[in-house]
Structures are given as structure tokens and as C-alpha cells.
Amino acid sequence: MEESTKLTIEDFEKVTSNNELLQLIKEKKISIDKVNKKLFYEEELRRLQIELVKLQHWISGNNKRVAIIFEGRDAAGKGGNIRRFTEHLNPRSMRVVALNKPTEVEQGQWYFRRYIRKLPNPGEIVFFDRSWYNRAVVEPVMGFCSDTQYKKFMVQVPEFEHMLYEDGLILIKFWFSISKNEQLDRFNARLETPLKRWKFSPVDKKGQELWDKYSYLKEQMFSKTHTSYSPWITVRANDKKIARLECIRYVLSQFDYDGKDEALTTLLPDPNIIMRYYRSSNQID
Numbered sequence: 018m019e020e021s022t023k024l025t026i027e028d029f030e031k032v033t034s035n036n037e038l039l040q041l042i043k044e045k046k047i048s049i050d051k052v053n054k055k056l057f058y059e060e061e062l063r064r065l066q067i068e069l070v071k072l073q074h075w076i077s078g079n080n081k082r083v084a085i086i087f088e089g090r091d092a093a094g095k096g097g098n099i100r101r102f103t104e105h106l107n108p109r110s111m112r113v114v115a116l117n118k119p120t121e122v123e124q125g126q127w128y129f130r131r132y133i134r135k136l137p138n139p140g141e142i143v144f145f146d147r148s149w150y151n152r153a154v155v156e157p158v159m160g161f162c163s164d165t166q167y168k169k170f171m172v173q174v175p176e177f178e179h180m181l182y183e184d185g186l187i188l189i190k191f192w193f194s195i196s197k198n199e200q201l202d203r204f205n206a207r208l209e210t211p212l213k214r215w216k217f218s219p220v221d222k223k224g225q226e227l228w229d230k231y232s233y234l235k236e237q238m239f240s241k242t243h244t245s246y247s248p249w250i251t252v253r254a255n256d257k258k259i260a261r262l263e264c265i266r267y268v269l270s271q272f273d274y275d276g277k278d279e280a281l282t283t284l285l286p287d288p289n290i291i292m293r294y295y296r297s298s299n300q301i302d
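If you count the sequence shown from 1, you need to add 17 to reach the working numbering.
Next up, the structure:
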């Protein structure tokens with residue numbers, strides 16, 4: 018590469034803004050696709066997070082109860098999405114719920130009881146990093162529940178969610194879809210990064226081996242629990258940053274909150290990324 022097409026220390030010292038840096042990169046004819054994508058993501062995220070702050074204020078002021086479920090295979094991006102949602106929200110009227118495996122006492126209780134205790138209070142948003150839908154996919158795949166328990170859950174969950182709907186609770190259910198190769202790449206990245214190694218568990222290790230079983234039970238879950246009052250929203254999440262932006266857009270699009278018409282970006286999600294569940298023979302997961 019010729020010297021004129023490189024960025025030097027002197028170049029960085031001269032520029033005072035992102036726009037000046039982009040202009041300099043353009044003048045030097047340096048490929049900036051990745052730079053542009055990063056800048057777009059950061060700016061869009063900032064604009065959408067401003068809207069989330071407005072939304073939270075409206076939910077709190079109107080005593081709405083909102084629960085957002087994040088489901089999907091291991092390494093699908095659930096935690097990263099939740100972090101971007103909650104980054105600038107007021108912790109006094111927001112909670113993240115990520116339950117450990119049930120205790121011996123909880124195992125003897127009605128399955129939904131431990132989750133009912135975590136549902137939002139008036140004026141509150143609760144983000145579920147996995148939810149009662151553990152029993153629809155993860156537990157039967159891994160042998161953590163009996164066939165009888167699984168079948169009872171699949172019968173009860175639509176009725177349970179209908180009661181929530183009738184009681185005025187707003188429930189949003191996300192399923193994050195990633196390809197088998199993308200999951201493997203993310204597993205490898207976790208193992209290679211000391212700060213992320215804690216995320217890799219024995220359950221994750223079996224995710225690739227039991228891929229087809231996960232797929233079958235996921236489809237069973239969709240077919241029996243996707244309803245008009247509580248639909249599944251599927252997210253194409255191979256590009257984790259785009260998935261984050263579009264999930265936030267979807268949530269914002271569901272509410273008529275104060276100041277919505279002053280948003281600095283579109284609040285309509287990309288239908289190629291975010292969609293209601295529909296049966297298709299061509300799915301990435």
C-alpha cells in the first residue's frame with residue numbers, strides 16, 4: 018500500500034470529528050465499509066436508546082406492565098440484546114430476570130409459579146433472559162423434564178398467557194434464529210476469549226450435537242404457542258448488531274408513547290430481520 022493511502026498518527030491528531038475522519042479516509046481512497054457500518058450502528062443505537070428512555074417514562078407514568086422474553090439457541094445473542102435495551106434505562110422501573118435451575122422446593126411447585134413472582138409490577142418493564150419456555154425446548158432436549166411434564170406445559174402455556182393478556186400485561190416474545198455454523202463460530206470465540214469463557218457451559222457443548230432435536234422442539238413450540246394474543250416474533254440474528262437495532266425498533270413500534278413523533282430515526286423494524294412466526298421450509302435454524 019502506498020504511503021498516501023495510509024492513515025498516520027499525524028492524520029489522527031489533525032481531525033476533530035468523525036466527519037473529518039471520514040473525509041480524510043475518502044481522500045486517501047481507503048475502504049471504509051467496516052468503518053461506516055460501525056459508525057451507523059453506534060449512531061442508530063444511540064438514537065433508539067433515546068426512544069427507549071421516552072418509552073420507559075411513558076410506561077412508568079401510565080402504570081403499564083411490560084414483559085419481554087428473549088429466547089433462542091445458546092449463543093444466539095439474547096444477553097447482548099438485553100444489555101443494549103437496558104443500558105440507559107432507569108433501574109428503579111426495570112428488571113432483568115435470568116433464573117437459575119429450580120430448587121428442590123420449586124421442583125415440587127406449579128411450574129409457572131417461580132416466573133409469576135418475577136412478572137412486572139405497574140409501571141415496570143421486565144426483560145426475561147430465557148423464560149418459562151425453557152420447558153418447551155431446552156429441558157426436553159437435555160432430559161431435564163419428563164415427557165408428562167413437557168406435555169402438560171404445552172397445554173397450559175397458551176391458557177397462562179391468555180390470562181396475562183386479559184389482565185392487561187403486555188407480553189413480547191422474541192426468538193433469535195442463528196445458523197449452525199454461526200453458533201459454532203460464537204462458541205469458539207467464547208473459548209478463545211478469557212473474558213467470555215465463563216459463558217460456555219456443558220449445555221452449550223451439546224448444542225451442536227443436538228441441533229436437529231432443538232429444531233424439532235422449536236417448531237413444536239411455535240405451532241402450539243404462537244397465538245393472536247401472544248405471537249412469536251422471530252429475529253434473524255446471524256448479524257448480532259443489526260438484530261439488536263431491529264429488536265429495539267420492534268418494541269418501540271408497539272407503543273404510542275409521548276414524543277414518538279420526534280424520533281430521529283425510523284421506528285419501523287426491517288421485515289427481512291424481524292417477523293411474526295410463520296411456517297417455512299427454509300429456516301436458518
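Virtual Cβ for every residue (Gly too), placed ideally from N, Cα, C.
DSSP-derived helix/strand/coil call for residue i
i: residue 287; result: coil
i: residue 143; result: strand
i: residue 130; result: helix
i: residue 188; result: strand
i: residue 57; result: helix
i: residue 272; result: coil
i: residue 25; result: coil
i: residue 242; result: helix
i: residue 34; result: coil
i: residue 163; result: coil
i: residue 89; result: strand
i: residue 18; result: Its pLDDT being 39, under 50, residue 18 is placed unreliably in this model, and the coordinates cannot settle the point.
i: residue 305; result: Not covered by the structure: residue 305. The range shown for the chain is 18 to 302.
i: residue 96; result: helix
i: residue 158; result: helix
i: residue 260; result: helix
i: residue 281; result: coil
i: residue 255; result: coil
i: residue 173; result: helix
i: residue 62; result: helix
i: residue 39; result: helix
i: residue 73; result: helix
i: residue 14; result: Since the first and last residues shown for the chain are 18 and 302, residue 14 lies out of range.
i: residue 135; result: coil
i: residue 107; result: coil
Counted within 10 angstroms of its Cβ, other Cβ atoms place residue i as buried (16 or more) or exposed
i: residue 29; result: exposed
i: residue 153; result: buried
i: residue 19; result: Any reading at residue 19 is ruled out, since the residue's pLDDT is 44, under 50, leaving its predicted position unreliable.
i: residue 122; result: exposed
i: residue 57; result: exposed
i: residue 114; result: buried
i: residue 206; result: exposed
i: residue 286; result: buried
i: residue 224; result: buried
i: residue 320; result: It is not possible to answer for residue 320, since the shown part of the chain is limited to 18 through 302.
i: residue 263; result: buried
i: residue 78; result: exposed
i: residue 188; result: buried
Residue j beta carbon less than 8 angstroms from that of residue i
i: residue 259; j: residue 290; result: yes
i: residue 228; j: residue 197; result: yes
i: residue 88; j: residue 147; result: yes
i: residue 142; j: residue 73; result: yes
i: residue 294; j: residue 248; result: yes
i: residue 145; j: residue 92; result: no
i: residue 316; j: residue 267; result: Outside the modelled stretch of the chain, which goes from 18 to 302, sits residue 316, for which no answer is possible.
i: residue 242; j: residue 175; result: yes
i: residue 204; j: residue 193; result: no
i: residue 269; j: residue 68; result: yes
i: residue 97; j: residue 261; result: yes
i: residue 90; j: residue 195; result: yes
i: residue 246; j: residue 179; result: yes
i: residue 281; j: residue 131; result: no
i: residue 150; j: residue 238; result: yes
Paired residues, beta bridge with residue i - DSSP
i: residue 114; result: 145
i: residue 101; result: Paired residue(s): none; residue 101 is not in a bridge.
i: residue 293; result: 250
i: residue 84; result: 143, 188
Minimum Cβ-Cβ distance from residue i to chain C less than 8 angstroms
i: residue 166; result: Looking for chain C here will not work: only one protein chain is present.
Residue i: CB within 7 angstroms of a non-hydrogen atom of the ligand ADP
i: residue 241; result: The model depicted lacks the ligand ADP and carries no ligand whatsoever.
Checklist entry - Counting only runs that start and end within the stretch 176-236, where is the beta strand (DSSP E) found for 3 or more residues in a row? => result Correct list: 187-194.
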